[in-house]
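J.: Residue numbers (numbering that gives the first Met the number 0): 0 to 62.
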Amino acid sequence: MVFGIREAAFARPDSGDLVAKLVRTVTDAVADVLGAHLRDTITVELVATPAGRTAIGGVIVDS
């Protein structure tokens with residue numbers, strides 16, 4: 000699973016806990032749907048997106 004996440008999330012003081020919780024929660028959800036026997040094969044990648052590189056409804060989001 001590949002998820003885009005704003006780069007600023009990695010600069011937060013709690014970024015280590017945030018990343019760990021996201022990875023754990025996504026892995027749990029995928030394993031619940033596809034089967035626990037696949038847990039060891041589930042890869043979660045959090046891709047940092049710099050500010051100004053995301054758009055919603057055609058409008059750049061700067062923050």
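Every residue, glycine too, gets a C-beta built ideally from N, C-alpha and C.
None of these values were measured; they are calculated from a predicted model.
So, are the CB atoms of A30 and R23 less than 8 Å apart?
T.: It is not a contact, given that the beta carbons lie outside the stated cut-off.
J.: Any idea what DSSP makes of T53, helix, strand or coil?
T.: Here T53 sits in strand by DSSP.
J.: Taking DSSP as the reference, what is the three-state secondary structure of T48?
T.: Note: T48 maps to strand in three-state DSSP.
J.: Quick one: residues in its chain with C-beta nearer than 8 Å to the C-beta of T42, no 5 flanking neighbours on either side, listed in chain order?
T.: So the list reads M0, once near-sequence residues are dropped.
J.: Return the CA-CA distance between A19 and R11, expressed in angstroms with no decimal places.
T.: Computed Cα separation, rounded: 13 Å.
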